[in-house]
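Trainee:
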Ligand SMILES: Nc1ncnc2c1ncn2[C@@H]1O[C@H](COP(=O)(O)OP(=O)(O)OP(=O)(O)O)[C@@H](O)[C@H]1O
Ligand SMILES: [Mg+2]
């Protein structure tokens with residue numbers, strides 16, 4: 001069994017779609033109350049990992065523990081501990097924003113679903129739009145509602161799969177603020193992203209997924225130390241996460 | 001920041017009713033669904049009664065009475081395409097995955113759609129029945145016979161709904177999800193729904209007499225006419241239950257496979 005302080009423990013995780021391997025031996029740990037960013041290019045397998053952890057997909061091998069529950073064998077325990085915000089907003093277009101939140105609150109068997117919905121609308125700046133059908137929402141509003149639905153009932157572990165993809169810079173900043181607030185309140189956040197800057201901004205720990213494996217995993221400082229020391233030129237250049245990412249991938253491919 | 005208590009998941013009826021409430025909102029917000037489902041069967045009814053009816057010999061003096069059971073089955077078939085489409089939309093839109101990652105019984109998701117299908121079809125059938133009354137449908141049937149009719153229609157709807165679940169879960173497009181219902185809508189035409197099978201050529205007649213719709217139509221027709229339904233009712237029940245069991249089993253298989 002994993003230690004008590006770890007929210008997520010993944011060991012030797014493997015998954016193929018038909019005969020195409022997507023995950024080969026993925027290992028990582030996420031400590032409770034921290035923000036963990038999984039970084040990877042298109043098709044790296046980020047969503048696949050999220051789906052396995054959220055009990056939507058069974059792995060071919062290896063183990064995944066979430067909040068002490070085995071994702072493959074104790075899905076109910078996992079489902080009581082998490083919430084999922086998928087890569088594409090999962091909202092009911094026909095209902096209003098408020099009705100969407102009430103629906104989730106009811107399904108989570110919370111008391112006072114209406115009051116909870118109103119609080120969340122307020123917290124997410126959707127009070128005015130709350131009575132409108134979601135089909136009239138902008139992409140940013142939809143994403144905010146999507147995240148608000150996921151936070152209904154304050155789950156211990158929150159999965160955010162590319163929460164800012166497709167948002168304009170302003171909406172992205174709003175989501176970042178949200179994630180930071182979540183982290184402050186002690187929630188464990190697992191997020192995936194293609195944006196290095198996003199990981200740099202939000203995450204306590206960053207893992208890079210490439211060709212089915214975690215090729216680098218650590219704090220930003222640790223990852224920066226992987227990068228060859230800055231060359232002394234006219235200007236000393238600090239490596240950005242982008243440089244590290246590209247150089248780590250290049251090193252792996254040389255081997 | 002808490003874990004939901006264990007007992008939270010032990011309220012499947014509450015969950016199903018929450019889901020039902022949600023999709024009933026969908027139906028009442030797109031009233032065109034009910035209109036489309038009822039308009040076509042009513043149009044068929046008018047067409048057959050006022051255009052073809054005079055030329056069709058059924059051996060009854062009231063052709064609306066003869067026709068109504070088949071029209072009701074066509075309406076149920078049409079309703080199925082909407083059931084499949086609603087399910088497909090949930091799957092496509094990611095709501096399915098959201099619900100499945102939550103601590104609710106996975107089957108409440110499907111049952112929500114299934115009950116919605118039953119309720120919305122009941123509404124359409126009542127609308128059609130009212131239209132039939134307007135153009136001369138009359139029935140001497142007693143309460144028991146009516147209850148039997150409602151029961152058979154509900155069972156038929158339920159078994160077709162589980163076929164719709166299979167279609168909605170496995171389709172690749174919303175049109176594909178809806179298209180499966182076309183053969184079901186067509187089946188009443190090759191049955192005794194509009195004309196007695198005796199007038200059909202050999203092979204067509206053989207098919208018509210041995211497909212599920214004929215026994216269901218004959219049963220409902222007899223019950224509504226206040227006559228004993230005879231052995232047809234057992235054939236009809238056997239068809240409905242058989243389809244229900246097979247479709248339910250297949251739907252669950254498809255559902256489980258998509259989770260693996
Ligand atoms: N159901 C599926 N059947 C077959 N292949 C799949 C399926 N789902 C995903 N894949 C493949 O698995 C690989 C990983 O997909 P995944 O969605 O996990 O990547 P990702 O890192 O989330 O990508 P993106 O950044 O584009 O969201 C891709 O090559 C994808 O084509
Ligand atoms: Mg993805």
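Residue numbers (full-length UniProt numbering), protein chains in the order written: chain A, 1 to 255; chain B, 1 to 260. The beta-carbon is built from N, C-alpha and C at its ideal position, and this holds for glycine as well.
Helix, strand or coil for residue 50 of chain B? Go by DSSP, reduced to three states.
Mentor: What you label residue 50 of chain B is simply residue 50 of the second chain in a count that begins at 1. In the displayed model, residue 50 of chain B falls within a helix according to three-state DSSP.
Trainee: Among the residues of its own chain, which have a CB less than 8 angstroms from the CB of residue 205 of chain A, if the five just before and after it don't count?
Mentor: Against the first chain, residue 205 of chain A aligns to sequence position 205. So the qualifying residues of the chain are 30, 31, 34, 35, 36, 37, 217, 218, 219.
Trainee: Which chain B residues sit within Cβ distance under 9 angstroms of residue 6 of chain A?
Mentor: Taking the first chain and counting its residues from 1, the one referred to as residue 6 of chain A is at position 6. Chain B residues near residue 6 of chain A: none, gap ~15 angstroms exceeds 9 angstroms.
Trainee: With H, G and I counted as helix, E and B as strand and the rest as coil, what does DSSP make of residue 21 of chain A?
Mentor: The residue you call residue 21 of chain A lines up with position 21 of the first chain. It is a strand residue.
Trainee: Mind checking whether the beta-carbon of residue 197 of chain A lies closer than 8 angstroms to any heavy atom of ligand 1?
Mentor: For the purposes of this step, residue 197 of chain A is taken as residue 197 along the first chain, with counting starting at 1. No, since every heavy atom of ligand 1 falls outside the 8 angstroms radius drawn around the Cβ of residue 197 of chain A.
Trainee: Check whether the Cβ of residue 87 of chain A sits closer than 8 angstroms to any heavy atom of ligand 1, and report yes or no.
Mentor: As a working mapping, residue 87 of chain A is identified with position 87 in the first chain. Residue 87 of chain A Cβ: within cutoff of ligand 1.
Trainee: Check the C-beta distance from residue 108 of chain B over to residue 16 of chain B and give it rounded, since I have them as a contact under 8 angstroms.
Mentor: Counted from its first residue, the second chain places residue 108 of chain B at position 108. Counted from its first residue, the second chain places residue 16 of chain B at position 16. Between residue 108 of chain B and residue 16 of chain B, the beta carbon gap of about 5 angstroms places them in contact (Cβ cut-off 8 angstroms).
Trainee: Which value, in whole angstroms, describes the spacing of the CA atoms of residue 161 of chain A and residue 33 of chain B?
Mentor: Stepping through the first chain from its first residue, residue 161 of chain A is reached at position 161. Stepping through the second chain from its first residue, residue 33 of chain B is reached at position 33. Using only the alpha carbons, I get a separation of about 34 angstroms.
Trainee: Using the three-state DSSP reduction, which class does residue 193 of chain A fall into: helix, strand or coil?
Mentor: By 1-based counting over the first chain, the position of residue 193 of chain A is 193. Of the three classes helix, strand and coil, the one that applies to residue 193 of chain A here is strand, per DSSP.
Trainee: Residue 11 of chain A bridges to which residues according to DSSP?
Mentor: Here the question's residue 11 of chain A lines up with position 11 in the first chain. By DSSP's assignment, residue 11 of chain A forms a beta bridge with A:63.
Trainee: My assumption, with CB atoms under 8 angstroms, is that residue 81 of chain A sits in contact with residue 12 of chain A. Please give the rounded CB distance.
Mentor: Looking up residue 81 of chain A in the first chain gives position 81. Looking up residue 12 of chain A in the first chain gives position 12. Not confirmed; about 22 angstroms, so no contact.
Trainee: Measuring only between beta-carbons, confirm whether residue 45 of chain A sits less than 9 angstroms from chain B.
Mentor: Stepping through the first chain from its first residue, residue 45 of chain A is reached at position 45. By this cut-off, residue 45 of chain A is not an interface position.
Trainee: If we ignore side chains and look at the alpha-carbon of each, how far apart do residue 120 of chain A and residue 125 of chain B end up?
Mentor: Here the question's residue 120 of chain A lines up with position 120 in the first chain. Here the question's residue 125 of chain B lines up with position 125 in the second chain. Taking the straight line from one Cα to the other gives about 41 angstroms.
Trainee: Look up residue 56 of chain A in the DSSP assignment and say whether it is helix, strand or coil.
Mentor: Position 56 of the first chain, counting from 1, holds the residue named residue 56 of chain A. Three-state DSSP puts residue 56 of chain A in coil, outside helix and strand.
Trainee: Should residue 92 of chain A and residue 95 of chain B be called a contact, given that it needs their Cβ atoms to be closer than 9 angstroms?
Mentor: For the purposes of this step, residue 92 of chain A is taken as residue 92 along the first chain, with counting starting at 1. For the purposes of this step, residue 95 of chain B is taken as residue 95 along the second chain, with counting starting at 1. Their beta carbons are under 9 angstroms apart, which means residue 92 of chain A touches residue 95 of chain B by this criterion.
Trainee: Assign residue 90 of chain B to one of three DSSP states: helix, strand, or coil.
Mentor: Here residue 90 of chain B refers to the residue found at position 90 of the second chain. DSSP places residue 90 of chain B in helix when its eight states are reduced to three.
Trainee: Take residue 155 of chain A as the anchor and find which of A:110, A:83, A:198, A:95 has the nearest alpha-carbon.
Mentor: As a position in the first chain, residue 155 of chain A is number 155, starting the count at 1. Considering only alpha carbons, the answer is A:83.
Trainee: Using beta-carbon positions only, say whether residue 267 of chain B and residue 67 of chain B come within less than 9 angstroms of one another.
Mentor: The requested residue 267 of chain B is not part of the displayed model; chain B covers only 1 to 260.
Trainee: Going by DSSP, what residue range makes up the alpha helix (DSSP H) through residue 242 of chain B?
Mentor: The sequence position of residue 242 of chain B within the second chain is 242, counting from 1. Segment 232 to 259, the alpha helix (DSSP H) holding residue 242 of chain B.
Trainee: Give the DSSP bridge partners of residue 37 of chain A, in chain order.
Mentor: The residue given as residue 37 of chain A occupies position 37 in the first chain. Its beta-bridge partners are A:191, A:206.
Trainee: Where does residue 256 of chain A sit, in a helix, a strand or coil, going by DSSP?
Mentor: Outside the displayed range of chain A (1 to 255) lies residue 256 of chain A, so it cannot be described from this structure.
Trainee: Quick one: does the C-beta of residue 15 of chain A sit closer than 8 angstroms to a heavy atom of ligand 2?
Mentor: The residue you call residue 15 of chain A lines up with position 15 of the first chain. No; taking the cut-off as 8 angstroms, the Cβ of residue 15 of chain A has no heavy atom of ligand 2 nearer than that.
Trainee: Residue 60 of chain B: buried (16+ other C-beta within 10 angstroms of its C-beta) or exposed?
Mentor: Within the second chain, residue 60 of chain B is the residue found at index 60, counting from 1. Exposed: under 16 other Cβ atoms inside 10 Å.
Trainee: Using only the alpha-carbon positions, how far apart do residue 251 of chain B and residue 240 of chain B sit?
Mentor: As a working note, residue 251 of chain B is residue 251 in the second chain. As a working note, residue 240 of chain B is residue 240 in the second chain. About 16 angstroms.
Trainee: Closer than 7 angstroms, Cβ to any Cβ of chain A: which residues of the segment 22 to 39 of chain B, in chain order?
Mentor: 22, 25, 26, 29
Trainee: Less than 8 angstroms between the CB atoms is what I'm expecting for residue 54 of chain A and residue 210 of chain A, so what's the real figure, rounded?
Mentor: One-based indexing of the first chain puts residue 54 of chain A at position 54. One-based indexing of the first chain puts residue 210 of chain A at position 210. The pair is not a contact, with the Cβ atoms about 22 angstroms apart (cut-off 8 angstroms).
Trainee: Fully enclosed by the segment 94 to 118 of chain B, which alpha helix (DSSP H) runs are 4 residues long or longer?
Mentor: 95 to 100
Trainee: Name the DSSP bridge partner or partners of residue 25 of chain B?
Mentor: For the purposes of this step, residue 25 of chain B is taken as residue 25 along the second chain, with counting starting at 1. The partner list for residue 25 of chain B (beta bridge, DSSP) is empty, contrary to what the question assumes.
Trainee: Quick check: is the beta carbon of residue 93 of chain B nearer than 9 angstroms to any beta carbon in chain A?
Mentor: Sequence index remark: in the second chain, residue 93 of chain B carries index 93 (1-based). By this cut-off, residue 93 of chain B is an interface position.
Trainee: Is there a C-beta anywhere in chain B that falls below 9 angstroms from the one on residue 56 of chain A?
Mentor: The residue labelled residue 56 of chain A in the question sits at position 56 within the first chain. Judged by the 9 angstroms Cβ criterion, residue 56 of chain A is in contact with chain B.
Trainee: Let me confirm a value: residue 117 of chain A is counted as buried when at least 16 other C-beta atoms fall within 10 Å, else exposed. Which label applies?
Mentor: Within the first chain, the letter at position 117 stands for residue 117 of chain A. It is buried - the Cβ of residue 117 of chain A has at least 16 other Cβ atoms within 10 Å.
Trainee: Is the segment 152 to 166 of chain B in contact with the segment 76 to 94 of chain B, if contact means three or more CB pairs nearer than 8 angstroms?
Mentor: yes
Trainee: Any beta carbon of chain A sitting closer than 9 angstroms to that of residue 14 of chain B?
Mentor: Translated into positions along the second chain, residue 14 of chain B becomes position 14. At least one chain A Cβ lies under 9 angstroms of residue 14 of chain B.
Trainee: May I have the straight-line CA-CA distance separating residue 193 of chain B from residue 213 of chain B, to the nearest angstrom?
Mentor: For the purposes of this step, residue 193 of chain B is taken as residue 193 along the second chain, with counting starting at 1. For the purposes of this step, residue 213 of chain B is taken as residue 213 along the second chain, with counting starting at 1. Distance between the alpha carbons of residue 193 of chain B and residue 213 of chain B is about 8 angstroms.
Trainee: With a threshold of 9 angstroms between beta-carbons, can residue 104 of chain B be considered close to chain A, or not?
Mentor: In the second chain, the residue the question calls residue 104 of chain B occupies position 104. True, the Cβ-Cβ gap to chain A drops below 9 angstroms.
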